[in-house]
Amino acid sequence: MIASGWRGRKALVKVGYGCNENCTFCHTAEVRHIDGASAEVVAKIHRAKQLGHGMVVFSGGEPTIRGELLEWASLTARLGMDVGLVTNGLVLAYPEKLDALLERRLRYVYMSLHGVGRIHDRLVRSEAWEAAYRAVQNLAGRGLDLTINCVVTQQNLEHLIPLVDALLPYPDLRLKFSMVQPKGGGKRLFDAITPRVSDVADRAARAIRHGQEQVAKRGASGPTFGHDGIPHCLLPGLEPLYDDLKTHRFATMCDIGEPDFFPVDEALNVQPEEICGGCPKRGPCPGLFRGYAEQFGVEEIRAPEPAPRSNSFTYTFESQVATDASEAHCPLRDGELGVIPWDRGRELFVRNRGEGGYRVARFRSDTRDFADVEIARTKHALGQLYLDVSRKPAPDDFARDLRPLRRSTLCDGCAHRDTCTGMFEPALDDDPFTRDDARVRDVLRALEGDVLDLGCGEGPYEDVWAPRATSGRVRYVGVDPHADLDALRARWPWATLVRGEGETFVVDRTFDHALILRSWNHLADPSRVVQRVVDALRVGGSLLVVDNVAFGLARTRGQTHVAHRGPARFEHYRNDDADRAARTIEGATSALVLRERHDVGPGTANQWLLRYEKR
152 MIASGWRGRK ALVKVGYGCN ENCTFCHTAE VRHIDGASAE VVAKIHRAKQ LGHGMVVFSG
212 GEPTIRGELL EWASLTARLG MDVGLVTNGL VLAYPEKLDA LLERRLRYVY MSLHGVGRIH
272 DRLVRSEAWE AAYRAVQNLA GRGLDLTINC VVTQQNLEHL IPLVDALLPY PDLRLKFSMV
332 QPKGGGKRLF DAITPRVSDV ADRAARAIRH GQEQVAKRGA SGPTFGHDGI PHCLLPGLEP
392 LYDDLKTHRF ATMCDIGEPD FFPVDEALNV QPEEICGGCP KRGPCPGLFR GYAEQFGVEE
452 IRAPEPAPRS NSFTYTFESQ VATDASEAHC PLRDGELGVI PWDRGRELFV RNRGEGGYRV
512 ARFRSDTRDF ADVEIARTKH ALGQLYLDVS RKPAPDDFAR DLRPLRRSTL CDGCAHRDTC
572 TGMFEPALDD DPFTRDDARV RDVLRALEGD VLDLGCGEGP YEDVWAPRAT SGRVRYVGVD
632 PHADLDALRA RWPWATLVRG EGETFVVDRT FDHALILRSW NHLADPSRVV QRVVDALRVG
692 GSLLVVDNVA FGLARTRGQT HVAHRGPARF EHYRNDDADR AARTIEGATS ALVLRERHDV
752 GPGTANQWLL RYEKR
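Just so we're aligned, residue 152 is where the sequence shown starts under my numbering, counting upward by one.
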């Protein structure tokens, strides 16, 4: 989901920490005496242009009290970028101030409003409500991307619906409710202002649903609503309304005194692996603020219900950053792009040899199906990036459709290797899929006796099974909930084929071998399936589990458009690797002994293998 209506990339520039309010929860309460030099802000505007951003958003503190604001906005506009503000809105209560900024390409406003009347004034410790509300009236209807942010504390927790009612007349704004963050004033006054996040979720949900009902009654187009800083498991049904820096298309940000722009990240958030590791909502979910979890623990987070999720994500081409680079030249390490601004997971630089030198292309993934940590692990630790050379909505023959992307030799020995987003090159002649699947075929060819294949699908190993079954060395039973079993029966007269789910199909016999081949991650309850399979296995029999981790695809804009409009649907409940699958299997039974394991890593395909023996 992209909440912002503006489609480019935003750079957040903090101009200083001085402010004409004194919010109880202010992130920068301890440094509000510090302001950035105008020359530093000017340099950052130029740097934002150099990095390819389409908008500079000024923040603070309060950026509108800086006398240089119009000068900065003018420069930003002259460089061909739009202007945005993160503001308390007081200065924008003056129409002439707003008009001057609109003339300088003001297109985006993110404004704070924390309640009605004295509720707001109490939180900002200033008589600010009337001016702030006039600012809303001035901003509405001006064609802006306008968000009103309400930080929820103990003081306004029970007063959210009146704020909704006050903003109902303005259909073009978005009202979001944000959990107070334990940072700056929010940390110093933690006990006095921080409510339990489950209470915030409850009150925010009531306010949002009240607003939605009122908008529907009026037949209006808005306002719309959002939330931030609240675990999605506490907001059932409202998950798609998440609203954060990424939905607003912020790519980078720069604080006072920092040497360069840094990517927007999730470093202050906690998603406990034991609860959130397999959650299908993990990608866009903020989890808990780290400081909150340290005080209150993580017990409010709810274990996820099984639900399908994506098993891949897309990097879409954004720009060509070099066309004639020398073999030894890295535009990140040696050029003007720099190492710091590029997100280690979400940005992807691919170089390819051309006639006049190396071409370098930049791709980016905006997916929210995966969390930042999952994307970075897929890219770097597992090395599962591929160039999509097909023209299909979804690749279905990986050996033909995909080419591996490997870390470039430029990165060998580089001091920035472990922090940089990296440079990648296509391994055009490598086919790891066929190579890794050869081991699966070797194992299958060695099997004899009664074989149970859970998730047999369309029969990808027909060339292995047919001769063994017709010769009597294998008696094959295949189970699948979706496959066209009538068509498969016509092809496989030697097989017994049963329609059913792994968790519920009737097991009325025992087997020498059981297979879960690329269907493990399709199981809603793998522990239960393992227990049922083990009960059906004879002593000395084997269990072979093979599946795939998630992977990233580098695509053109056209390919991405086709893929997003294609018929593919989510069928995976997890993207387990061998380690997570082994923990599940060995936690479900003590009757199996691991005999063989193949993990995924750079240089392999995305397929792992576990082979067990029943004792």
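Backbone N, C-alpha and C fix where the C-beta goes; we use that ideal spot for every residue, glycine too.
To the nearest angstrom, how far is it from the Cα of Leu314 to the Cα of Val267?
6 Å
Look at the alpha carbon of Arg720 and the alpha carbon of Ile426, and state the distance between them as a whole number of angstroms.
25 Å
What runs of the alpha helix (DSSP H), each 4 residues or longer, lie entirely inside the segment 274 to 299?
280 to 290
Counting only runs that start and end within the segment 517 to 590, where is the alpha helix (DSSP H) found for 4 or more residues in a row?
523 to 527 and 549 to 552
Pull up the DSSP beta-bridge partners for Gln682, would you.
For Gln682, which the question treats as bridged, DSSP gives no partner whatsoever.
According to DSSP, Gln471 sits in a beta bridge with which residue or residues?
Ala512
In the DSSP output, which residue or residues are listed as bridge partners for Phe401?
Lys161
For Arg441, I'd like the list of residues in its chain whose CB is within less than 6 Å of its CB, leaving aside the five on either flank, ordered along the chain.
Leu419 and Val421
Hey, out of Leu499, Pro387, Gly292 and Ile312, whose CA is closest to Cys301's CA?
Ile312
With which residues is Thr375 paired in a DSSP beta bridge?
Arg325
Counting Cβ pairs, one atom from each stretch, are 3 or more of them under 8 Å apart for the segment 601 to 611 and the segment 638 to 649?
yes
Endpoints, alpha helix (DSSP H) assigned at Ser349:
Val348 to Arg369
Quick check: Gly653 and Leu666, are their CB atoms within less than 8 Å of each other?
no
Is the beta carbon of Ala527 closer than 8 Å to that of Arg557?
no
Going by the beta-carbon positions, is the gap between Arg255 and Val234 smaller than 8 Å?
yes
Given Tyr321 as reference, the closest of Val331, Lys334, Leu290 and Cys562 once Cα atoms are compared
Leu290
Check the DSSP bridge columns for His712 and list the partner residues they point to.
Note: His712 sits in no beta bridge, so no partner.
With distances taken Cα to Cα, identify the nearest neighbour of Val490 among Arg229, Trp759, Thr570 and Tyr261.
Thr570
DSSP state of Val193, grouped into three classes?
helix
Which of the three DSSP states, helix, strand or coil, is assigned to Leu695?
strand
Pick out whichever of Ala162, Trp616 and His178 has its Cα sitting closest to the Cα of Tyr168.
His178
Mapping the DSSP letters down to three states, classify Gly337 as helix, strand or coil.
helix
Starting from Lys248, trace the alpha helix (DSSP H) both ways and give me its first and last residue.
Pro246 to Glu254
I'd like to confirm the pairing. Which residues does DSSP put opposite Arg460 in its beta bridges?
His723
Go ahead and label His113 buried or exposed: buried means 16 or more other beta carbons lie within 10 angstroms of its beta carbon, across all protein chains shown.
Outside the shown range of the chain (152 to 766) lies residue 113, about which nothing can therefore be said.
Per DSSP, which one or two residues make a beta bridge with Asn503?
Arg510
Buried versus exposed call for Asn503 [16 or more other C-beta atoms within 10 Å across all chains shown]:
exposed
Please determine if the segment 549 to 556 and the segment 579 to 597 are in contact, where contact requires at least 3 C-beta pairs separated by less than 8 Å.
yes
Select from Ala286, Val237, Leu163 and Arg513 the residue whose C-alpha is nearest the C-alpha of Arg495.
Arg513
Residues bridged to Thr465 [DSSP beta-bridge criterion]:
Leu704
Would His664 and Gly692 qualify as a contact pair, given that the criterion is a beta-carbon distance under 8 Å?
yes
Do you know offhand how far Ile153's Cα is from Glu390's?
Note that Ile153 scores 41 on pLDDT, short of 50, meaning its location in the model is unreliable; the coordinates nonetheless yield the value given after this. Spanning the two alpha carbons is a distance of roughly 13 Å.
How should Val237 be labelled, buried or exposed, when 16 other C-beta atoms within 10 angstroms of its C-beta is the threshold for buried?
buried
Residue(s) in a DSSP beta bridge with Thr647
Val628
What three-state label does DSSP hand Phe176 in the structure shown?
coil
Residues bridged to Val658 [DSSP beta-bridge criterion]
Beta-bridge pairing links Val658 to no other residue.
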